[in-house]
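2 protein chains.
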Amino acid sequence: MAVVVAPRPREHDYGKAHLPEVTVTYRPPLLKRLPLGRGVSVIWAQMDVFEELERIFHPRSIAVVGASAHRDSPGHDYVLSLLQYGFQGAIYPINPRLEELLGLKAYPSVEAVPGPVDYVISCIPNRGVIGLVEECGRKGVQAIQLFTARFSETGREEGKRLERELLLRARAMGVRIIGPNCMGLHYPKLGITFRPDMIAPAGPIGFLSQSGNLLFELNYLGRGRGLFFSKAISYGNGLDLDEADFLRYFAHDPETRIIGAYIEGVKEGRRFWEALREAASVKPTVLLKGGRTEGGGRTASSHTAALAGSYKVWEAAVRQAGALPVKSLEELMDLLIAFSRWTPAKGKGIGVVGGGGGRSVLAADRCEEEGLSTPPLTAEIEAHIAVKAPDLAGWVTNPVDQSILAGSGVGGAEILALMARDPQYDGLVAILGEPWALGRPNAQAIVRRVAQRFLEIGQGIEKPIAVVVNHLDYEEEWQWRLLMEVRRELVEGGMAVFPSVDRAVVALARFLAYWEGRDS
Amino acid sequence: MAVVVAPRPREHDYGKAHLPEVTVTYRPPLLKRLPLGRGVSVIWAQMDVFEELERIFHPRSIAVVGASAHRDSPGHDYVLSLLQYGFQGAIYPINPRLEELLGLKAYPSVEAVPGPVDYVISCIPNRGVIGLVEECGRKGVQAIQLFTARFSETGREEGKRLERELLLRARAMGVRIIGPNCMGLHYPKLGITFRPDMIAPAGPIGFLSQSGNLLFELNYLGRGRGLFFSKAISYGNGLDLDEADFLRYFAHDPETRIIGAYIEGVKEGRRFWEALREAASVKPTVLLKGGRTEGGGRTASSHTAALAGSYKVWEAAVRQAGALPVKSLEELMDLLIAFSRWTPAKGKGIGVVGGGGGRSVLAADRCEEEGLSTPPLTAEIEAHIAVKAPDLAGWVTNPVDQSILAGSGVGGAEILALMARDPQYDGLVAILGEPWALGRPNAQAIVRRVAQRFLEIGQGIEKPIAVVVNHLDYEEEWQWRLLMEVRRELVEGGMAVFPSVDRAVVALARFLAYWEGRDS
Numbered sequence: 001m002a003v004v005v006a007p008r009p010r011e012h013d014y015g016k017a018h019l020p021e022v023t024v025t026y027r028p029p030l031l032k033r034l035p036l037g038r039g040v041s042v043i044w045a046q047m048d049v050f051e052e053l054e055r056i057f058h059p060r061s062i063a064v065v066g067a068s069a070h071r072d073s074p075g076h077d078y079v080l081s082l083l084q085y086g087f088q089g090a091i092y093p094i095n096p097r098l099e100e101l102l103g104l105k106a107y108p109s110v111e112a113v114p115g116p117v118d119y120v121i122s123c124i125p126n127r128g129v130i131g132l133v134e135e136c137g138r139k140g141v142q143a144i145q146l147f148t149a150r151f152s153e154t155g156r157e158e159g160k161r162l163e164r165e166l167l168l169r170a171r172a173m174g175v176r177i178i179g180p181n182c183m184g185l186h187y188p189k190l191g192i193t194f195r196p197d198m199i200a201p202a203g204p205i206g207f208l209s210q211s212g213n214l215l216f217e218l219n220y221l222g223r224g225r226g227l228f229f230s231k232a233i234s235y236g237n238g239l240d241l242d243e244a245d246f247l248r249y250f251a252h253d254p255e256t257r258i259i260g261a262y263i264e265g266v267k268e269g270r271r272f273w274e275a276l277r278e279a280a281s282v283k284p285t286v287l288l289k290g291g292r293t294e295g296g297g298r299t300a301s302s303h304t305a306a307l308a309g310s311y312k313v314w315e316a317a318v319r320q321a322g323a324l325p326v327k328s329l330e331e332l333m334d335l336l337i338a339f340s341r342w343t344p345a346k347g348k349g350i351g352v353v354g355g356g357g358g359r360s361v362l363a364a365d366r367c368e369e370e371g372l373s374t375p376p377l378t379a380e381i382e383a384h385i386a387v388k389a390p391d392l393a394g395w396v397t398n399p400v401d402q403s404i405l406a407g408s409g410v411g412g413a414e415i416l417a418l419m420a421r422d423p424q425y426d427g428l429v430a431i432l433g434e435p436w437a438l439g440r441p442n443a444q445a446i447v448r449r450v451a452q453r454f455l456e457i458g459q460g461i462e463k464p465i466a467v468v469v470n471h472l473d474y475e476e477e478w479q480w481r482l483l484m485e486v487r488r489e490l491v492e493g494g495m496a497v498f499p500s501v502d503r504a505v506v507a508l509a510r511f512l513a514y515w516e517g518r519d520s
Numbered sequence: 001m002a003v004v005v006a007p008r009p010r011e012h013d014y015g016k017a018h019l020p021e022v023t024v025t026y027r028p029p030l031l032k033r034l035p036l037g038r039g040v041s042v043i044w045a046q047m048d049v050f051e052e053l054e055r056i057f058h059p060r061s062i063a064v065v066g067a068s069a070h071r072d073s074p075g076h077d078y079v080l081s082l083l084q085y086g087f088q089g090a091i092y093p094i095n096p097r098l099e100e101l102l103g104l105k106a107y108p109s110v111e112a113v114p115g116p117v118d119y120v121i122s123c124i125p126n127r128g129v130i131g132l133v134e135e136c137g138r139k140g141v142q143a144i145q146l147f148t149a150r151f152s153e154t155g156r157e158e159g160k161r162l163e164r165e166l167l168l169r170a171r172a173m174g175v176r177i178i179g180p181n182c183m184g185l186h187y188p189k190l191g192i193t194f195r196p197d198m199i200a201p202a203g204p205i206g207f208l209s210q211s212g213n214l215l216f217e218l219n220y221l222g223r224g225r226g227l228f229f230s231k232a233i234s235y236g237n238g239l240d241l242d243e244a245d246f247l248r249y250f251a252h253d254p255e256t257r258i259i260g261a262y263i264e265g266v267k268e269g270r271r272f273w274e275a276l277r278e279a280a281s282v283k284p285t286v287l288l289k290g291g292r293t294e295g296g297g298r299t300a301s302s303h304t305a306a307l308a309g310s311y312k313v314w315e316a317a318v319r320q321a322g323a324l325p326v327k328s329l330e331e332l333m334d335l336l337i338a339f340s341r342w343t344p345a346k347g348k349g350i351g352v353v354g355g356g357g358g359r360s361v362l363a364a365d366r367c368e369e370e371g372l373s374t375p376p377l378t379a380e381i382e383a384h385i386a387v388k389a390p391d392l393a394g395w396v397t398n399p400v401d402q403s404i405l406a407g408s409g410v411g412g413a414e415i416l417a418l419m420a421r422d423p424q425y426d427g428l429v430a431i432l433g434e435p436w437a438l439g440r441p442n443a444q445a446i447v448r449r450v451a452q453r454f455l456e457i458g459q460g461i462e463k464p465i466a467v468v469v470n471h472l473d474y475e476e477e478w479q480w481r482l483l484m485e486v487r488r489e490l491v492e493g494g495m496a497v498f499p500s501v502d503r504a505v506v507a508l509a510r511f512l513a514y515w516e517g518r519d520s
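In the order they appear, the protein sequences are chains R and H.
For the first sequence, the numbering used here gives the first residue as 1, with consecutive numbering after it.
For the second sequence, the numbering used here gives the first residue as 1, with consecutive numbering after it.
Here is the structure:
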């Protein structure tokens, strides 16, 4: 029997008049709605880090130190991003050589800012950061995020020494550090982000990443499929606040339903594992590890000074904590989307429609290779088909070969609707806009109509349905546009869309196996 | 010591005046240029099937039986395809209810055609095929290709009986059968294809497929990356001419340098294996098996009546024959492109440029997981970097993290050029148009310039270089267009382009391992 020690509900108010959105009513984060992992009897309510990160994610004001008028520089990007993404708090460009930037008054130093400064983003060279930390301490800044790099990741003694000093000085001054060598916060609800094109609406995914670029890629490649963040953080070298802190924060963050992470190395194994277990026991948690091999580890060391460690040990620990290890950005994206968009489900039986002959055979193979099955059509479905197309009954099977249906009067979506109601099928794969369809004279009409049917069916059922819309790799503009638009409609309608049958099947397999292992 | 029994050179002339392109001078197909597999001492010169298929692939005239004025039907598609793709021989629509079709005179029957008919495509219902075979026999037709389906693949006794009778009658009349239940020939050089949008220039890949749809998909998804066929054949149930025949044909076809196949089941194991060994000993041969599992096998049976058999046995046999087994359409495409575009190479050392921090770490991991390595930069390359950017020497490593280079004056392409000349690197991965680059203010110029540099470097070296251009999955039209256009430039320049780092690395790994296992 699981016993949950939840933190007592409380209220933060970081200045209602100034920034009304940031009033956060803290509630135990979905603990009752989500099942607990096996063998986890107590959820530790370590609220200190939660409170601290809650404050950090809700700054009343942000100063960008090293703000720049040069369009292709981070000192410009940060200011522009906050403005364009709609941050409602004060934004202070800091640069003694600037009067103003993008219509904002600039200040020569953090201390020169008249009002309070909660959060500082540093884009200055590394030699200036010790002075900046001291200044921020005097000003009462809560946290400094350092885009500034060239610390221990350079492999040089000088960089390591500077990093150690940075940590000691920050601790002495009571300022928390995010980074160094990172992009920092992304929080759609408050309009905080780090690049003007790092955009998307708010969603349920909390993400922590040692690579800012990977977080950016995840947003770029995932947003067309509805991969949306509640909050995300790129934390680079993780000198002060680290992976364990962020995991714990997301575990308790009521805006986060699913947790994802890209991690190259872990500072303290035990502390990390406990935070991971805490997170994974209440929310689906998917982890991509960088530095799984010797070469990867060497690269990680020059990237974020991470000590990569053994991947076998890592994978075993992640599984034991109840989290989901993945090895590629693609699988990470697919699982985050699956958990964002599907309600919990168990089972192994998969129904597949929409592919041609070869594709149907390969889909069945992939299902079985991933531990799923493709049960033949039930007698009831066969009987339904027999009414319209007597020739097909007993021949057409699951996966439903679209080329057999051609001209029969029975459509793939029709069979999908029958499968959706049939308890034999625990999950569905609905393939849309395959080349065979794009080549038809009335391709646009067919593809849009079938998309609409898939959407209706998907919205009417609880079981997970993976709609496959191929990559938009076409050279013909109308084909790219057609697939892009139907994908958008499906995503806006709440569907989980995958760019290939194989990827849909892998996501379904891991999703169903995850809930199979839970007590709910 | 390998001994090759090559067929004597000969000439076919199927009517020069009528169809000048089809004069084929037969030469031993590249046997001298390509290394032989281990333990293969004799290449059997079974030229009967070769001659027969050579004739079938070079028809002077094609009749489409069941030709139709209905735009969305195969009887219309075949005629339109031949016209649009530029078949220079005679095209005869056959349909007693038509006077003409698409400007061509129609005939009520094959026998009513005034001149000779070499090749017949059947789109009529299955009940008419026995009569058609007899008619074709009387007319002296060489081969009938049956799009017509509903034979043994229906699982019904009636269909099986009809199929047996079809074979017996065809043998008795001296007519060869392609199919039934297939799309038939695709031969760019002669302008033969089966759908109006099944198009692309001629290339080096001979392909045989039990699924017409899969062959179509391969063309649709692969042509933007330069996956071009010498000849391809969709052969469905393979009732008469089968996988062994087509393999043998491609083994000796001088227009084919690489062989690919999608096979669901094999009729005679020994004969198939010998043909496969024959093919694989002279040309890289890549096989995708459908029906690897019970569910896949069941689906294959309803698709092409194939008996799928054990996958383990299959995979072992394929490897023993010296061919390359793959399990997905994606890997099939990637290997066919790799072998089309790279000259033979061995080794394990891979140089990677163009990715951000996380991507570089993950690239190194994937290399090692695939049996490759990412050797650190040589002292020579480090020295070169040190001249321009002293700070980076000893820090930047391989894979080259683009974010470390930012603002240093040293570009990724510059390091790639150094790696291209360094014997430590046996293969290269050059990443282009990643999200980090698309987000910059001058993205278009940067991406196009770097593409040009990659192209120059690639064209100047013998070692395999995989250029990664992400899937065109963007919603912004300019991003789709930019990546589509640079991809096209690279492909037209002869480069092998892959849609992700992982897929590039897997292709490199299998390509290098393939040649490692050869004596050349």
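Using N, Cα and C, we set each Cβ at its ideal position, and we do this for glycine too.
Only a predicted model underlies this, so the values are computations on that prediction, with no experimental measurement involved.
Same chain, Cβ closer than 8 Å to residue i, neighbours up to 5 away in sequence not counted
| i | result |
| --- | --- |
| V326 of chain H | V286, L287, L288, L332, L335 |
| R223 of chain R | I199, A200 |
Test item: CB-CB of residue i and residue j under 8 Å
| i | j | result |
| --- | --- | --- |
| G433 of chain R | V410 of chain R | no |
| F207 of chain H | G260 of chain H | yes |
| G539 of chain R | N213 of chain H | Outside the modelled stretch of chain R, which goes from 1 to 520, sits residue 539 of chain R, for which no answer is possible. |
| Y85 of chain H | I192 of chain H | yes |
| S373 of chain H | K346 of chain H | no |
| V113 of chain H | A63 of chain H | yes |
| V129 of chain R | L166 of chain R | yes |
| A69 of chain R | L104 of chain R | no |
| A300 of chain R | V361 of chain H | yes |
Endpoints, the beta strand (DSSP E) within which residue i is located
| i | result |
| --- | --- |
| A466 of chain H | 465 to 469 |
| F57 of chain R | Per DSSP, F57 of chain R belongs to no beta strand (DSSP E) and is neither H nor E. |
| F229 of chain H | 229 to 234 |
| Q145 of chain H | 143 to 146 |
Where residue i meets chain H, residues with beta-carbon distance less than 9 Å
| i | result |
| --- | --- |
| R449 of chain R | None at all; the shortest Cβ gap to chain H is about 15 Å. |
Cross-chain neighbours of residue i in chain R, by beta carbon under 8 Å
| i | result |
| --- | --- |
| A300 of chain H | V361 |
| D401 of chain H | T299, S302, H303 |
Residues that residue i contacts on chain H, provided the C-beta gap is smaller than 7 Å
| i | result |
| --- | --- |
| T154 of chain R | W395 |
| E480 of chain R | First, the amino acid is wrong: residue 480 of chain R is Trp here, not Glu. Neighbours of W480 of chain R on chain H, chain order: L472, W480. |
| N213 of chain R | G356, G357, G358, R359, S403, W436 |
Closer than 8 Å at the beta carbon, the chain H residues around residue i
| i | result |
| --- | --- |
| G295 of chain R | A364, D365, C367, E368, S373, T374 |
Cross-chain neighbours of residue i in chain R, by beta carbon under 7 Å
| i | result |
| --- | --- |
| D422 of chain H | Simply none; closest approach about 17 Å. |
| G439 of chain H | R195, D197 |
| M484 of chain H | E475 |
| E52 of chain H | Within 7 Å Cβ-Cβ: nothing; E52 of chain H doesn't reach chain R, min ~26 Å. |
Limits of the unbroken alpha helix (DSSP H) element including residue i
| i | result |
| --- | --- |
| P325 of chain R | Segment 324 to 326 is the beta strand (DSSP E) holding P325 of chain R; no alpha helix (DSSP H) there. |
Proximal residues to residue i (C-beta, below 6 Å), its chain only, five neighbours per side dropped
| i | result |
| --- | --- |
| R38 of chain R | Caution applies to R38 of chain R, whose pLDDT of 38 falls short of 50 and renders its modelled position unreliable; the model cannot decide the point. |
| L19 of chain R | Any reading at L19 of chain R must be qualified, since the residue scores a pLDDT of 26, below 50, and its modelled position is unreliable; no value is offered. |
| Y425 of chain H | G349, G351, M419 |
Residues near residue i by beta carbon distance below 7 Å, same chain, minus five either side
| i | result |
| --- | --- |
| G137 of chain R | M173, G174, V175 |
| P116 of chain H | R60, S61, G140 |
| V57 of chain H | According to the sequence provided, residue 57 of chain H is Phe. The question's Val does not apply to it. Answer for F57 of chain H: L185, Y187, K231, listed in chain order. |
| W342 of chain R | P464, A496, F511 |
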